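First the structure, in the form of structure tokens, and then the observations on it.
There are 2 protein chains.
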Amino acid sequence: MTQKTKRSIQWVATPTKENYVGIHLFGEFWNGKIIEDSKEIEKILVEAAKVSNSTVLKIVVHKFEPQGLTGFVLLAESHISIHTWPEWNLVAVDIFTCGSKAMPQKAFDYLKEVFQPKSFNFKKLNRGKNIV
Amino acid sequence: MTQKTKRSIQWVATPTKENYVGIHLFGEFWNGKIIEDSKEIEKILVEAAKVSNSTVLKIVVHKFEPQGLTGFVLLAESHISIHTWPEWNLVAVDIFTCGSKAMPQKAFDYLKEVFQPKSFNFKKLNRGKNIV
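Residue numbers (the numbering used here), protein chains in the order written: chain C, 1370 to 1501; chain H, 1370 to 1501.
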């Protein structure tokens, strides 16, 4: 399981001078495209990592019976996950990147473009505020 | 990659009559135990899934060089992730469970007990509010 990959460890600086380890974005996409093809989801995860300037280390896609899917890409900068619920026309994504070079919002925008939701929720959390 | 596993698809009902697909919990554990052993992290992820009444489908653990680790367990109910940054004495976790039977707070409490942080952040998001 061990690979010689360095983790991204720069702090994310903000205009308020508070520092964070990373940024975690969340979205629920309603009534858009539902993609249940594992290979396509893999490609989407790779592209989401790429546009956010992140490094792909491992991808896992799991298909449920009779429908639904979870896709996960482990990044040097943390992770991106996609969970689909075709029965509800819902896709839930989260994008967690650490370091100052990653651009998680670009991954979110890309995923939104792919899934074309008619409505969506969006939430951002700063993770690992420097409280030590 | 396909296994015949049903995804948990009950809505999470709340006292306010709003329904959610799931609950997503986040924590940053500062200055506690840092665990860099892959096998131990696997066991912790399995136990976290168990106490939260969730079903383990797949586990991925990735070790970074020279230190740091990401552990991820794919659940029938969504996922749990652990990211460690030994250089900052920081462990970041997130627990996303869907359905009415999962108890993500129990997984959070268990992880906090395992990592024994001197200080921590906690955040809860309701995911997939029924806006359709």
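Even glycine gets a Cβ: it sits at the ideal position worked out from N, Cα and C. Values in this document were obtained by computation on a predicted structure and should not be read as measured data.
Nearest neighbour of residue i, chosen from the options [CA to CA]
i, options, result
"G1401 (chain C)", "C:T1424, C:Q1485, C:D1463 and C:V1420", "C:Q1485"
"P1473 (chain C)", "C:L1414, C:I1428 and C:Q1436", "C:L1414"
"N1422 (chain H)", "H:E1397, H:K1475 and H:G1440", "H:K1475"
"F1433 (chain C)", "H:T1424, H:A1445 and H:K1419", "H:A1445"
"S1488 (chain H)", "C:K1498, C:L1438, C:P1435 and C:V1429", "C:K1498"
"K1470 (chain H)", "H:I1403, H:Q1436, H:F1491 and H:V1420", "H:V1420"
"K1375 (chain C)", "H:P1435, H:V1425, H:N1490 and H:W1399", "H:P1435"
Beta-carbon neighbours of residue i, restricted to chain H and to distances below 7 Å
i, result
"G1497 (chain C)", "E1397, L1459 and A1461"
"F1477 (chain C)", "Ordered by position in chain H, no residue passes the 7 Å Cβ test against F1477 (chain C), which lies about 15 Å from the chain."
"L1426 (chain C)", "H1431"
Beta-carbon neighbours of residue i, restricted to chain C and to distances below 8 Å
i, result
"E1409 (chain H)", "Within 8 Å Cβ-Cβ: nothing; E1409 (chain H) doesn't reach chain C, min ~13 Å."
"E1405 (chain H)", "Result: empty, since nearest Cβ-Cβ is about 11 Å, beyond 8 Å."
C-alpha gap between residue i and residue j, whole angstroms
i, j, result
"T1371 (chain C)", "P1455 (chain H)", "Residue confidence for T1371 (chain C) is low, a pLDDT of 41 falling below 50, so the modelled location carries little weight and cannot support an answer."
"V1462 (chain H)", "S1450 (chain C)", "14 Å"
"L1394 (chain H)", "K1493 (chain H)", "5 Å"
"Y1479 (chain H)", "G1440 (chain H)", "16 Å"
"A1417 (chain C)", "E1397 (chain C)", "16 Å"
"V1460 (chain C)", "K1427 (chain C)", "21 Å"
"S1407 (chain C)", "V1483 (chain C)", "15 Å"
"T1424 (chain C)", "F1477 (chain C)", "16 Å"
Presumed contact (8 Å Cβ cut-off) between residue i and residue j, rounded CB distance
i, j, result
"L1443 (chain C)", "H1448 (chain H)", "About 11 Å; that fails the 8 Å criterion."
"T1453 (chain H)", "I1392 (chain H)", "23 Å between Cβ atoms; not a contact."
Chain C contact residues for residue i, given Cβ-Cβ distances below 7 Å
i, result
"K1492 (chain H)", "L1494"
"K1375 (chain H)", "F1433 and E1434"
Same chain, Cβ closer than 8 Å to residue i, neighbours up to 5 away in sequence not counted
i, result
"R1496 (chain H)", "Y1389, V1390, G1391, I1392, H1393, F1465 and C1467"
"K1412 (chain C)", "none"
"K1481 (chain C)", "G1396, F1398 and F1489"
Same chain, Cβ closer than 7 Å to residue i, five either side skipped, listed in chain order
i, result
"I1410 (chain C)", "I1404, V1430, L1438, G1440 and I1451"
"N1490 (chain C)", "G1396 and E1397"
"N1458 (chain C)", "W1399, N1400 and I1403"
"V1501 (chain C)", "Residue confidence is low: V1501 (chain C) scores 44 on pLDDT, short of 50, so the model does not pin down where it sits. No coordinate-derived value is stated."
Within chain H, the residues that residue i reaches when beta carbons sit closer than 8 Å
i, result
"F1441 (chain C)", "V1429, F1441, L1443 and H1448"
Interface partners of residue i on chain H, CB under 9 Å
i, result
"V1390 (chain C)", "E1397, H1452, W1454, W1457, L1459 and A1461"
Any C-beta of chain A under 8 Å from that of residue i
i, result
"L1494 (chain C)", "The structure shown has no chain A; the protein chains it does contain are C and H."
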